[in-house]
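Chains as they are written, first to last, in full-length UniProt numbering: chain A, 1 to 202; chain B, 1 to 202.
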DNA sequence: TGGTTTCTGTGCTGAGCGATACAGAAATGG
DNA sequence: CCATTTCTGTATCGCTCAGCACAGAAACCA
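Pasting the structure below:
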């Protein structure tokens with residue numbers, strides 16, 4: 001593992017985790033390299049040597065976020081026995097995840113780059129693609145529900161996915177605005193009470 | 001009206017309208033003073049003389065946004081005969097408003113300051129307060145529905161307001177990501193199909 | 001041991017940020 | 001007319017941004 005040259009004096013994975021926290025908390029554009037180096041406990045050249053540039057570091061941070069915070073969601077989606085159970089598990093998990101005491105509130109993928117500088121539209125598009133993937137995963141789980149018979153044939157699964165994705169995105173905004181776990185749970189209760197009506201529109 | 005001194009050589013209201021567009025499109029932090037002066041067609045000192053500073057200009061822009069874009073929403077809320085009609089009118093109006101060809105997509109109040117620099121937390125809080133007001137207006141309209149009998153007594157109106165607010169906020173995110181009017185309408189269709197279930201949770 | 005390689009910390013770079021100093025221009029009041 | 005006031009354009013200000021040059025330090029290999 002160790003080739004020639006002076007070995008890195010910091011834990012790359014731990015530093016990335018700290019960077020993820022900062023980006024999650026403060027967003028891409030409004031996080032400065034100084035914020036990052038301070039949080040990561042390293043100097044600027046070490047950061048550039050290990051991660052390339054701010055944008056590459058952000059992409060790695062997003063990937064880490066998806067793996068750690070998004071992992072349980074994906075798992076809940078696939079492991080639940082029915083489409084309804086899957087959606088409910090995702091929503092209730094997010095109601096908890098978005099209001100954890102020791103973590104930034106809401107979803108990083110929804111909140112971290114709603115806008116960006118003209119030169120960095122790539123960053124916004126990158127997150128938009130992740131959002132799109134999340135919605136598609138949800139739609140595919142609904143499709144599976146149709147195939148397995150727990151959802152009626154003819155359901156507009158992509159429309160239902162858009163709807164529940166909108167609820168989740170709104171929960172992110174409200175979580176960031178300080179909404180409590182109880183409030184998010186009330187939103188989830190209503191979104192799930194709506195299930196039968198939502199899947200049988202037209 | 002005209003006192004002593006050289007008269008202003010530009011239309012203050014028109015310049016403010018242009019500034020609102022830019023802030024709506026690009027957000028608070030990611031809009032530079034150069035972006036603003038260019039769009040407004042004036043030089044920096046004229047901007048500062050007329051509007052104070054970037055933050056004051058933003059607040060005026062938000063107030064203008066609320067008056068122009070938010071006005072129809074507030075009107076729909078009060079003029080609709082029932083709470084259900086009111087909520088549906090707001091949602092359908094927003095499905096259109098968020099996808100207009102010649103305007104930035106989504107709601108400025110939801111999108112323009114999800115994050116800000118450490119020194120400008122006031123700006124974020126300012127918009128968060130506007131979001132909170134919108135949700136409260138919705139809750140008050142639901143309360144009126146209870147008083148007028150078109151909603152059953154005992155409805156958790158603030159929970160229902162949180163739920164529909166979440167849907168609207170999610171619609172803003174998806175509109176900004178490029179969702180079509182048709183897609184937003186499908187979300188609205190489902191959110192409204194859910195009405196009976198949503199207002200009778202527990 | 002010395003040569004090579006890679007990382008580290010100091011200190012800097014050009015560019016862009018929000019905000020102004022200043023002098024001249026254009027209005028009013030006397 | 002001239003004094004006063006306020007706006008306008010030019011030309012910056014000090015500061016922070018993302019990113020890097022460079023020299024020294026710490027590992028490897030021969």
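We put the CB at the ideal spot given by N, CA and C, even for glycine.
Please confirm whether residue i has its beta-carbon closer than 8 Å to some beta-carbon of chain B.
i                     : result
residue 186 (chain A) : yes
residue 181 (chain A) : no
residue 170 (chain A) : yes
residue 189 (chain A) : yes
residue 82 (chain A)  : no
So for residue i, helix, strand or coil by DSSP?
i                     : result
residue 42 (chain B)  : coil
residue 201 (chain A) : coil
residue 28 (chain B)  : coil
residue 115 (chain A) : coil
residue 10 (chain B)  : coil
residue 180 (chain B) : coil
residue 96 (chain B)  : helix
residue 155 (chain B) : coil
residue 61 (chain A)  : helix
residue 72 (chain B)  : helix
residue 122 (chain A) : helix
residue 147 (chain B) : helix
residue 255 (chain B) : One cannot answer for residue 255 (chain B) here, as it falls past the ends of chain B, which runs 1 to 202.
residue 5 (chain B)   : coil
residue 52 (chain A)  : coil
residue 86 (chain A)  : helix
residue 194 (chain A) : coil
residue 80 (chain A)  : coil
Determine, using beta carbons only, whether residue i comes closer than 8 Å to chain A.
i                     : result
residue 121 (chain B) : no
residue 153 (chain B) : no
residue 85 (chain B)  : no
residue 90 (chain B)  : no
residue 161 (chain B) : no
residue 175 (chain B) : no
residue 150 (chain B) : no
residue 97 (chain B)  : no
residue 75 (chain B)  : no
residue 133 (chain B) : no
residue 193 (chain B) : yes
residue 2 (chain B)   : no
residue 165 (chain B) : yes
Beta-carbon within less than 6 Å of residue i's beta-carbon, same chain only, minus the 5 sequence neighbours each way: which residues are those?
i                     : result
residue 127 (chain B) : 109, 113
residue 165 (chain A) : 135
residue 169 (chain B) : 110
residue 88 (chain B)  : 192
residue 80 (chain B)  : 86, 89
By Cβ distance, which residues of its chain are closer than 8 Å to residue i, with the 5 residues on each side in sequence left out?
i                     : result
residue 173 (chain A) : 106, 110, 111
residue 95 (chain A)  : 171, 181, 184, 185, 187, 188
residue 33 (chain B)  : 44, 47, 54
residue 163 (chain A) : 198
Leaving out five residues on either side along the sequence, give the residues of the same chain with a beta carbon under 7 Å from the beta carbon of residue i.
i                     : result
residue 72 (chain B)  : 93
residue 43 (chain A)  : 37
residue 28 (chain A)  : 58, 112, 113, 116, 123
residue 12 (chain B)  : 50
residue 178 (chain B) : none
residue 160 (chain B) : 142, 198, 199
Measuring from the CB of residue i, is there a heavy atom of the ligand HEM at a distance below 7 Å?
i                    : result
residue 19 (chain A) : With respect to small molecules bound, the structure shown includes none, and the ligand HEM cannot be examined in it.
> Going along the chain, which residues of the UniProt domain "HTH tetR-type" (9 to 69) of chain A sit with their C-beta nearer than 8 Å to a C-beta in chain B?
Replying inline: Cβ contacts with chain B: 26, 27, 29, 30.
> the stretch 99 to 114 of chain B: which residues have C-beta closer than 8 Å to a C-beta of chain A, in chain order?
Replying inline: 110, 111, 112, 114
>> Using a Cβ-Cβ cutoff of 8 Å, what residues of the stretch 135 to 147 of chain B are near chain A? List them in chain order.
In response: none
> Would you call the stretch 48 to 61 of chain A and the stretch 12 to 30 of chain A touching, i.e. three or more CB-CB distances under 8 Å?
Replying inline: yes
>> Using 8 Å as the cut-off, can you tell me whether the stretch 179 to 199 of chain B makes contact with the stretch 92 to 111 of chain B, which would need three or more C-beta pairs spanning the two stretches below that distance?
In response: yes
>> With three or more beta-carbon pairs closer than 8 Å as the criterion, would you say the stretch 83 to 92 of chain A touches the stretch 190 to 198 of chain A?
In response: yes
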